[in-house]
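Participant: Got a structure here, written out as C-alpha cells. Questions coming.
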Amino acid sequence: MLVLGIETSCDETGIALYDSDQGLLAHALHSQVALHADYGGVVPELASRDHIRRVLPLTREVLGRAGKKPAELDAVAYTAGPGLAGALLVGAGIGASLAYALDIPAIGIHHLEGHLLSPLLTHPAPPFPFIALLVSGGHTQLMRVGGVGDYSLLGETLDDAAGEAFDKSAKLLGLSYPGGPAIAELAASGRCGRFTLPRPMLRSNSLDFSFSGLKTAVLTAVRSLPPDAQARADLAAELQAAIVDVLVGKSVAALEQTAIPRLVVAGGVGANRVLRAQLTAAAQRLGCTVFYPPFEFCTDNGAMIAFAGALRLQHGAKHGASSGFAVRPRWELASLEKA
Ligand code: KG4
Ligand code: ZN
110 MLVLGIETSC DETGIALYDS DQGLLAHALH SQVALHADYG GVVPELASRD HIRRVLPLTR
170 EVLGRAGKKP AELDAVAYTA GPGLAGALLV GAGIGASLAY ALDIPAIGIH HLEGHLLSPL
230 LTHPAPPFPF IALLVSGGHT QLMRVGGVGD YSLLGETLDD AAGEAFDKSA KLLGLSYPGG
290 PAIAELAASG RCGRFTLPRP MLRSNSLDFS FSGLKTAVLT AVRSLPPDAQ ARADLAAELQ
350 AAIVDVLVGK SVAALEQTAI PRLVVAGGVG ANRVLRAQLT AAAQRLGCTV FYPPFEFCTD
410 NGAMIAFAGA LRLQHGAKHG ASSGFAVRPR WELASLEKA
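My numbering puts the first residue of the sequence shown at 110, with every later residue one more than the last.
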C-alpha cells in the first residue's frame with residue numbers, strides 16, 4: 110500500500126511516500142523558519158500562503174525521487190489537526206482533492222498521533238504497550254499507548270508546553286526562533302549552578318507539568334543579567350537543565366506507576382541531546398528502554414503522517430479519523446478511536 114503523507118499544520122511543509130512493504134520511499138521538507146524569523150514566531154497567514162506554494166512541487170519531487178506516478182498511490186494522508194486552521198486547510202484541501210481525482214481514500218491524521226507513532230519507523234520498533242512523552246512547541250503530554258489509536262492521557266502541561274518554554278525564554282535572551290535549538294547551542298558553552306531556576310511540579314504526585322513559571326523566572330534573571338557572554342550561556346544551560354529535569358522526572362514516574370518498561374519520545378523537543386542523554390541514563394537505571402525517532406523525524410515532517418495513514422488504513426480505517434475535508438485546529442489525542 111503506497112501512501113502520500115502531507116504535513117502542513119504549522120511552519121513546515123512535509124511530504125513523504127510510505128510503502129507498507131518497503132517502508133519510507135522518499136520524503137521532503139520545506140521549513141518556513143526564515144520566513145517567520147523577523148516576527149519571532151509563526152505568522153499564521155504567511156504560513157498558509159507558503160504551504161500553498163510548496164505542497165505540489167514537493168509532492169512532484171517526492172514522487173520523482175521514488176520513481177512513482179500519482180496513479181500508483183493507494184491513499185493520501187494529511188494532517189487534519191491540531192494546528193493552525195489556515196495551514197491545515199491547505200494540506201487538507203490539496204490532499205482531499207488529489208484523492209478525489211485519483212479515486213482513492215483521503216485520511217485525516219492527528220498530528221500528535223503522527224509524532225507518537227514516528228519511533229515505529231525505526232528498527233527495532235518498540236512493541237505495544239509503551240509510554241510516550243510527547244514534547245513539541247504546542248504540547249507536553251505523557252500517554253499510555255496500547256496500540257494504534259489506543260491512547261490514554263497520563264499527564265499534560267497545565268499551561269505552556271516544553272517547546273514553548275524554550276521558545277519564549279529564547280526570545281527573552283534575544284535568540285532566534287525556534288528557541289529550542291538556539292538555547293541548546295548556547296547552553297553547550299554554559300555551566301549549570303550559577304543561576305537558580307525552579308523545577309516546576311517536579312515533586313508533585315501528579316504526572317502533569319507546568320512551564321509558565323520558568324519563563325517568568327528567566328525574565329527575572331535576564332533583567333539583572335551580568336553583561337558577559339558567559340552569563341547568557343550559563344542561564345541557557347540552567348534553563349535547559351530545568352526543563353530536562355522535569356521531563357525526565359515525570360517520565361520516570363510514569364514508567365514506575367504503569368510498570369511499562371518502554372518509553373517513546375516524540376515531538377520537536379525530543380531532538381534535544383541533553384534530554385536524550387538523561388532520559389536514556391534514567392531509564393537504564395530502571396531497566397527500561399527508550400526509543401527515539403531519527404532526529405529528522407522528531408520535528409514536523411511528512412513521513413510520520415504517511416506512516417500513521419498507512420497504519421490506520423492497514424487497520425481498516427476507510428476515511429480515517431476525520432473524513433473528507435474537515436480540519437480540527439483543536440483535537441484531543443485521547444479522543445481518537447482504536448484502529
Ligand atoms: O514537533 P515540532 O516540530 O512542532 C510542533 O508540533 O510544535 O516542535 C517544535 C518545537 C519548538 O518549540 C522548538 O523550539 C523545539 O521543538 N525544539 C527543540 C529542539 N529542536 C526543536 N527544543 C529543544 N532542543 C532542541 N534541539
Ligand atoms: Zn509537531
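Ideal Cβ placement from N, Cα and C applies to all residues, glycine included.
(1) Specify the secondary structure class of ARG303 as computed by DSSP and reduced to three states.
(2) Can you tell me where the alpha helix (DSSP H) with ALA184 in it begins and where it stops?
(3) Note down, in chain order, each residue of its chain lying with its Cβ closer than 8 Å to the Cβ of THR452, except the 5 sequence neighbours on either side.
(4) Buried or exposed: where does LEU395 fall if 16 or more other Cβ atoms within 10 Å of its Cβ makes it buried?
(5) State yes or no: is the C-beta of SER245 nearer than 6 Å to some heavy atom of the ligand ZN?
(6) What number of angstroms, rounded off, separates the C-alpha of ALA430 from the C-alpha of GLU446?
(7) Could you have a look at ALA274 and say whether DSSP puts it in helix, strand or coil?
(8) Please classify GLU181 as buried or exposed, where buried requires at least 16 neighbouring CB atoms within 10 angstroms.
(9) When you compare only the Cα positions, how much space is there between VAL416 and LEU242?
(10) So, with DSSP's three-state summary, where would you put GLY173?
(11) Report yes if the C-beta of ASP409 is less than 6 Å from at least one heavy atom of the ligand ZN; otherwise report no.
(12) Quick check on this structure: which residue in LEU306, VAL185 and ALA279 has the alpha carbon closest to the alpha carbon of LEU295?
(13) Can you give me the C-alpha to C-alpha distance between HIS428 and LEU138, rounded to a whole angstrom?
(14) Helix, strand or coil: which one does DSSP assign to THR117?
(15) Less than 7 Å separating the beta-carbons of HIS220 and GLY195?
(16) What does a CB cutoff of less than 6 Å around VAL374 pick up in its chain, not counting 5 residues either side in sequence?
(17) Identify whether ALA417 lies in helix, strand or coil by the three-state DSSP scheme.
(18) Beta carbon of ASP183, beta carbon of ILE218: below 7 Å?
(19) Three-state secondary structure (DSSP) at THR367?
(20) Consider the C-beta atom of VAL378 and the heavy atoms of the ligand KG4; say whether any pair is separated by less than 6 Å.
(21) Checking the sheet assignment: what are the DSSP bridge partners for ASP128?
(22) Suppose the cutoff is 8 Å on Cβ atoms and the five residues either side in sequence are ignored; what does the same chain contact list for SER261 look like?
(23) If you drop the 5 nearest sequence neighbours on each side, which residues of the same chain put their C-beta closer than 6 Å to that of SER227?
(24) How long is the line joining the alpha carbons of ASP302 and GLY264, rounded to whole angstroms?
(25) Report the CB separation of VAL383 from GLY190 in whole angstroms; it is logged as a contact under 8 Å.
(26) Where PHE318 and LEU281 are concerned, what is the direct C-alpha to C-alpha distance, given to the nearest angstrom?
(27) Along the chain, which unbroken stretches of the alpha helix (DSSP H) at least 4 residues long are found entirely within the region 222-301?
(28) If we ignore side chains and look at the alpha-carbon of each, how far apart do ASP159 and GLN141 end up?
(29) With a threshold of 16 other CB atoms inside 10 Å of the CB of ALA297, please say whether the residue is buried or exposed.
(30) Pick from GLN423, GLU441 and TRP440: whose alpha carbon is nearest that of ALA448?
Facilitator: In brief:
(1) Residue numbering aside, residue 303 sits at position 194 when the sequence shown is read from its first letter. Here DSSP, grouped into helix, strand and coil, assigns ARG303 to coil.
(2) For the purposes of this step, residue 184 is taken as the residue at position 75 of the sequence shown. Taken as a continuous stretch (DSSP letters only), ALA184 belongs to no alpha helix (DSSP H), being part of the beta strand (DSSP E) at 184-190.
(3) Since the displayed the chain opens at 110 and closes at 448, residue 452 lies outside it and no answer follows.
(4) By 1-based counting over the sequence shown, the position of residue 395 is 286. Per the 10 Å Cβ criterion, exposed.
(5) By one-based count along the sequence shown, residue 245 stands at place 136. Flag set: Cβ of SER245 near the ligand ZN.
(6) Here residue 430 corresponds to residue number 321 of the sequence shown, with the count starting at 1. Here residue 446 corresponds to residue number 337 of the sequence shown, with the count starting at 1. Because ALA430 carries a pLDDT of 43, less than 50, the predicted location of this residue cannot be relied on, and no value is offered for it.
(7) One-based indexing of the sequence shown puts residue 274 at position 165. DSSP places ALA274 in helix when its eight states are reduced to three.
(8) By one-based count along the sequence shown, residue 181 stands at place 72. The residue in question, GLU181, is exposed, as its Cβ has fewer than 16 Cβ neighbours within 10 Å.
(9) For the purposes of this step, residue 416 is identified with residue 307 of the sequence shown, where counting begins at 1. For the purposes of this step, residue 242 is identified with residue 133 of the sequence shown, where counting begins at 1. Per the sequence presented here, residue 416 reads as Phe, with Val not at that position. Looking at the two C-alpha atoms, the distance is approximately 19 Å.
(10) Position 64 of the sequence shown, counting from 1, holds the residue named residue 173. DSSP places GLY173 in helix when its eight states are reduced to three.
(11) Here residue 409 is taken as the residue at index 300 of the sequence shown, counted from 1. Checking the Cβ of ASP409 against the ligand ZN gives yes.
(12) The residue you call residue 295 lines up with position 186 of the sequence shown. Per the Cα distances, ALA279.
(13) Within the sequence shown, the letter at position 319 stands for residue 428. Within the sequence shown, the letter at position 29 stands for residue 138. Annotation note: pLDDT 48 at HIS428 (below 50); position unreliable, coordinate value reported separately. Cα to Cα, HIS428 sits roughly 25 Å from LEU138.
(14) Your numbering for residue 117 matches position 8 in the sequence shown. Correct three-state label for THR117: coil.
(15) For the purposes of this step, residue 220 is taken as the residue at position 111 of the sequence shown. For the purposes of this step, residue 195 is taken as the residue at position 86 of the sequence shown. No; because the gap between Cβ atoms is not below 7 Å, this pair is not in contact.
(16) In the sequence shown, the residue the question calls residue 374 occupies position 265. If we look at VAL374 and ignore the five residues flanking it on each side, its Cβ neighbours are LEU242 and TYR401.
(17) As a first step, residue 417 is located in the sequence shown; it is residue number 308 there, counting from the start. Looking at ALA417 - three-state DSSP - the assignment turns out to be helix.
(18) Taking the sequence shown and counting its residues from 1, the one referred to as residue 183 is at position 74. Taking the sequence shown and counting its residues from 1, the one referred to as residue 218 is at position 109. Contact flag unset, no.
(19) Looking up residue 367 in the sequence shown gives position 258. DSSP places THR367 in helix when its eight states are reduced to three.
(20) In the sequence shown, residue 378 corresponds to position 269, counting from 1. Yes.
(21) Walking along the sequence shown from the start, residue 128 turns up at place 19. BP columns for ASP128 point to LEU111 and GLY132.
(22) Here residue 261 refers to the residue found at position 152 of the sequence shown. Correct list, in chain order: MET252, ARG253, GLY255 and ALA443.
(23) Locating residue 227 in the sequence shown gives position 118, where the first residue counts as 1. Answer for SER227: ALA375, PRO402, PHE406 and MET413, listed in chain order.
(24) Here residue 302 corresponds to residue number 193 of the sequence shown, with the count starting at 1. Here residue 264 corresponds to residue number 155 of the sequence shown, with the count starting at 1. Here residue 302 turns out to be Gly, not Asp, going by the sequence shown. Approximately 29 Å between the Cα atoms of the pair.
(25) As a first step, residue 383 must be located in the sequence shown, where it is residue number 274. As a first step, residue 190 must be located in the sequence shown, where it is residue number 81. About 31 Å separates the two Cβ atoms, so there is no contact after all.
(26) Residue numbering aside, residue 318 sits at position 209 when the sequence shown is read from its first letter. Residue numbering aside, residue 281 sits at position 172 when the sequence shown is read from its first letter. So the alpha carbons of these two residues sit roughly 21 Å apart.
(27) 271-281 and 288-296
(28) Here residue 159 is taken as the residue at index 50 of the sequence shown, counted from 1. Here residue 141 is taken as the residue at index 32 of the sequence shown, counted from 1. Approximately 8 Å, taken between the alpha carbons.
(29) As a first step, residue 297 must be located in the sequence shown, where it is residue number 188. Result: exposed.
(30) By 1-based counting over the sequence shown, the position of residue 448 is 339. It is GLN423.
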